[in-house]
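Novice:
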Amino acid sequence: MRKTKRSIAVSYIILVVMSVLDVAPFLWMVLSSFKSQQELFAFPPTIWPSEWHPENYVNAWNSGSISFGGMFLNTMKIVIPSVIGNVLISSLAAYSFARINFKGRDKLFGLFLASMMVPGAVTMIPSFIMFRTFGWYNTFLPLIVPNLFGSAFAIFLLRQFFMTIPGELEEAARIDGCGRLRIWAQLFLPLSKPIIATLTVFTFQGNYNDLMGPLIYLSDSSKFTVQLGLATFRGMFSTRYDLLMAGSVFCLIPILVIYVFAQKYFVSGIVMTGLKG
Amino acid sequence: MEAVTKKPQGSKKRVHSIQWRDNVEGYLFTAPAIIGLFVFILIPIVASIALSFTKWDLITNIEWIGLQNYQELFTDEIFITALINTLKWVVLYIPLGLTLSFVLALAMDMPVKGIGVFRTIFYLPYVSPILVVALLFTWMYNTDFGIINYMLNEIGLPSVPWLSDGNLAIFSICIMSVWKGAGYNMLIFLAALQGIPTSLYEAADLDGITAFQKVIYIKIPLITPSLYYVMIMAVINAFQVFNEIYIMTSGGPGYSTYTMSYYLWSNAFSYNRFGYACSMAIIMFIIILAVSLFQTQFLGKKVQYDM
Chain A
1 MRKTKRSIAV SYIILVVMSV LDVAPFLWMV LSSFKSQQEL FAFPPTIWPS
51 EWHPENYVNA WNSGSISFGG MFLNTMKIVI PSVIGNVLIS SLAAYSFARI
101 NFKGRDKLFG LFLASMMVPG AVTMIPSFIM FRTFGWYNTF LPLIVPNLFG
151 SAFAIFLLRQ FFMTIPGELE EAARIDGCGR LRIWAQLFLP LSKPIIATLT
201 VFTFQGNYND LMGPLIYLSD SSKFTVQLGL ATFRGMFSTR YDLLMAGSVF
251 CLIPILVIYV FAQKYFVSGI VMTGLKG
Chain B
1001 MEAVTKKPQG SKKRVHSIQW RDNVEGYLFT APAIIGLFVF ILIPIVASIA
1051 LSFTKWDLIT NIEWIGLQNY QELFTDEIFI TALINTLKWV VLYIPLGLTL
1101 SFVLALAMDM PVKGIGVFRT IFYLPYVSPI LVVALLFTWM YNTDFGIINY
1151 MLNEIGLPSV PWLSDGNLAI FSICIMSVWK GAGYNMLIFL AALQGIPTSL
1201 YEAADLDGIT AFQKVIYIKI PLITPSLYYV MIMAVINAFQ VFNEIYIMTS
1251 GGPGYSTYTM SYYLWSNAFS YNRFGYACSM AIIMFIIILA VSLFQTQFLG
1301 KKVQYDM
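Spelled out as structure tokens, the structure:
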């Protein structure tokens, strides 16, 4: 019994120390974002801002070559169609892999799984050349279109979930004369809300946080996403940490809001991938 | 074929038509995804291999140069540096990252209060954009004005040139990445740990084993499938490190933080050497495949599957 008590105490110490290490940098970012430039470069540094400068946020919002408002709008123009396309197309494929007994199914599914291990660098340059040939350079299309064909990760996740839906439901629907497309749309999709939510937050996070894609494909500052905009902003004001920290807070807020409200979906998605791996 | 064996009661013709319909519908439903797989992954792989034998800046004519890119790679000192730096990164990141995640998962698996709060906190760095985290750490790592050196000074230690010293920079960036990624693998480990039947612990408790023995003889062996999955995926990702480097040091000081991905990206999008960049991508792919294969062969045999 004493042994257990000791392990619990040690556990608490580990968890609390790590929590502090995890939260402190973010607090530091927020505190820094309210300091004046002079105060930021004072040594020894102050913890609390001696004078609060909320106007840093106003300045950061507008001082880039594109305002943060414009960046958010651009990002949404990419993220929203990406999420919808990925969920719909992947779930259609996942339904097929989970429920239709077609020839070569397992081999095909294996191919999708294997494709998840292909490093992005290998497909990056030919994709760039292809999109450039299409005349899609400096448009959002290279960042959206691949999502409209689904993704192996999403197919895998949805298939795992679809396999748990009882077969009787589907059989009953088929006896009533439902085609498979209707079963997918009216039975499987409504029953899969939790996993679709999971996938939505993952796809959102992946596309919202993506830096390399916009970096490769977007050149015109009016088209910059939040990530690319903030990265460019940094190039312009490399030592203006007052503006950089305020800009970072802008960049963090949307993902943080989604995380807070949809945390359980993030968690269940990871757990599902990990356990089946 | 399966349908035929499954439904022997129907007439042969009917079974045949059901199977035919399954095939048609099966492929129709997966068609968009299959097209995507070919257009965005499989064909680009083949194209990358082909391009790696060429010299091309996308403006002048493409030129077939055989193995020249590969010959150049092995004498290109920057590439060798980038390769070594990438290996350093993997060798540092994997043990540190996985150990931290595992220790956190072990602590979370104890009957502690506030699991939900801890989980929210641990996962926070992972969901945050790498750009935000990297900018923040660049600021905290600042040699003269950074909070980390200030705290070191407060306890009587000298300032450390975290990002401006060529020998140290890659390690500093790696520590940040470990910090950022810890929560993700922790969740996978935790789910696996929670799947271990409690009856096993009860039996072990009767034998009077210590908490440490429990970890070594029960927990680790039983979660090897997750351990194994996490390790393979973590290694694949670690070999591709790019964002942190691009944001924090741009490969510097000198070439001390060039990684394979960063050098590849520079060759393609700064020097317009697309063929050369592809040869790097192929080398990277081969290394990743070889390491993954090695892990499957070496670890795969030791994996303890469900009881």
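Those protein sequence lines, which keep their order, are chains A and B.
Counting from 1, one number per residue, gives the positions in the first sequence under our numbering.
Counting from 1001, one number per residue, gives the positions in the second sequence under our numbering.
The beta carbon of each residue, even a glycine, is placed where N, CA and C say it ideally should be.
Cβ closer than 8 Å: which chain A residues qualify as neighbours of residue 972/B?
Specialist: Absent from the model: residue 972/B. The displayed extent of chain B is 1001 to 1307, so no value can be given.
Novice: Go ahead and label residue 240/A buried or exposed: buried means 16 or more other beta carbons lie within 10 angstroms of its beta carbon, across all protein chains shown.
Specialist: Counting Cβ neighbours within 10 Å, residue 240/A comes out buried, since at least 16 surround it.
Novice: Strictly under 7 Å for the Cβ-Cβ distance: is residue 1047/B near chain A by that measure?
Specialist: yes
Novice: For a minimum of 3 consecutive residues, which ranges assigned as the beta strand (DSSP E) are wholly contained in the region 1106–1145 of chain B?
Specialist: none
Novice: Determine, using beta-carbon pairs with one atom in the region 154–168 of chain A and one in the region 226–246 of chain A, whether at least three such pairs fall under 8 Å.
Specialist: no
Novice: In the DSSP assignment, find the alpha helix (DSSP H) that holds residue 1237/B and state where it starts and stops.
Specialist: 1224–1239
Novice: Decide if residue 1274/B is buried, meaning its Cβ has at least 16 other Cβ atoms within 10 Å, or exposed.
Specialist: Residue 1274/B is buried by the Cβ-count criterion.
Novice: Report, in whole angstroms, the separation of the C-beta atoms of residue 1048/B and residue 271/A, which I expect to be a contact under 8 Å.
Specialist: No, residue 1048/B and residue 271/A are not in contact; Cβ-Cβ is about 34 Å, not under 8 Å.
Novice: Spell out whether any CB of chain B is found under 7 Å from the CB atom of residue 344/A.
Specialist: Limits of chain A in this structure are 1 at one end and 277 at the other, which puts residue 344/A out of reach.
Novice: Assuming residue 1127/B and residue 227/A are in contact, meaning their beta carbons sit under 8 Å apart, how far apart are those beta carbons, in whole angstroms?
Specialist: Not quite, the Cβ-Cβ distance comes to about 14 Å (not below 8 Å), so this is no contact.
Novice: Return helix, strand or coil for residue 1054/B, following the three-state DSSP convention.
Specialist: strand
Novice: Under DSSP, the alpha helix (DSSP H) around residue 142/A begins and ends at which residues?
Specialist: 141–144
Novice: To the nearest angstrom, how far is it from the Cα of residue 120/A to the Cα of residue 142/A?
Specialist: 14 Å
Novice: Rounded C-beta distance between residue 1173/B and residue 1248/B? I'm assuming under 8 Å.
Specialist: 6 Å
Novice: Go through its chain and collect everything with a Cβ distance to residue 1315/B's Cβ below 7 Å, but skip five positions before and after it.
Specialist: Given a span of 1001 to 1307 for chain B in the structure shown, any question on residue 1315/B remains unanswerable.
Novice: Find the residues of chain B that neighbour residue 194/A, judging by a C-beta separation of less than 8 Å, and give them in chain order.
Specialist: Result: empty, since nearest Cβ-Cβ is about 16 Å, beyond 8 Å.
Novice: Let me see if you follow: with CB-CB separation under 7 Å, is residue 1022/B close to chain A or not?
Specialist: yes
Novice: Compute the Euclidean distance between the alpha carbons of residue 1157/B and residue 215/A, then round it to the nearest angstrom.
Specialist: 39 Å
Novice: Use the C-beta contact count for residue 1180/B: other C-beta atoms within 10 angstroms, 16 or more gives buried, fewer gives exposed.
Specialist: buried
Novice: On the premise that residue 116/A lies in contact with residue 153/A, defined as a C-beta separation below 8 Å, what is that separation, rounded to the nearest angstrom?
Specialist: 6 Å
Novice: Could you work out which residues of chain B lie near residue 240/A, taking near to mean beta carbons separated by less than 7 Å?
Specialist: Neighbours of residue 240/A on chain B: none; closest Cβ ~11 Å, over 7 Å.
Novice: So residue 125/A and residue 1051/B are supposed to be a Cβ contact under 8 Å. How far apart are they, rounded?
Specialist: In this structure residue 125/A touches residue 1051/B by the C-beta definition: roughly 7 Å separates them, less than 8 Å.
Novice: Using the Cα positions of residue 13/A and residue 248/A, report the straight-line distance between them to the nearest angstrom.
Specialist: Computed Cα separation, rounded: 30 Å.
Novice: Using a cut-off of 7 Å between C-beta atoms, extract the partners of residue 95/A located in chain B.
Specialist: 1029
Novice: Which residues, in order along the region 1274–1286 of chain B, keep a beta-carbon less than 8 Å from a beta-carbon of chain A?
Specialist: 1274, 1277, 1278, 1280, 1281, 1282, 1284 and 1285
Novice: In three-state terms, what does DSSP make of residue 1077/B?
Specialist: helix
Novice: Excluding five sequence neighbours on each side, which residues of the same chain lie with their C-beta closer than 8 Å to the C-beta of residue 47/A?
Specialist: 31
Novice: Just the Cα atoms here: how many angstroms apart are residue 181/A and residue 108/A?
Specialist: Answer to the nearest angstrom: the Cα atoms are 21 Å apart.
Novice: Using 7 Å as the limit for Cβ to Cβ distance, is residue 220/A near chain B?
Specialist: Residue contact check for residue 220/A against chain B: no CB pair falls below 7 Å.
Novice: Spell out a yes or no on whether the region 1204–1223 of chain B and the region 1123–1140 of chain B are touching, meaning 3 or more CB-CB pairs, one atom from each, closer than 8 Å.
Specialist: No, the region 1204–1223 of chain B is not in contact with the region 1123–1140 of chain B.
Novice: When the Cα atoms are used, what is the spatial distance from residue 167/A to residue 106/A?
Specialist: 19 Å
Novice: With DSSP as the reference, identify every bridge partner of residue 52/A, one or two as the case may be.
Specialist: Answer is none; residue 52/A lacks a bridge partner.
Novice: Can you tell me whether residue 1203/B is buried or exposed? The criterion is at least 16 other CB atoms within 10 Å of its CB, across all chains shown.
Specialist: Only exposed fits residue 1203/B, as fewer than 16 other CB atoms lie within 10 angstroms of its CB.
Novice: Please name the residue, chosen from 1078/B, 1297/B, 1244/B and 1223/B, that lies closest to residue 1197/B on a Cα-to-Cα basis.
Specialist: Ranking 1078/B, 1297/B, 1244/B and 1223/B by CA distance to the CA of residue 1197/B puts 1223/B first.
Novice: Buried or exposed for residue 1188/B, going by 16 or more other Cβ atoms inside 10 Å?
Specialist: buried
Novice: If you follow the alpha helix (DSSP H) that residue 254/A is in, where does it begin and where does it stop?
Specialist: 241–261 is the span of the alpha helix (DSSP H), which, as asked, contains residue 254/A.
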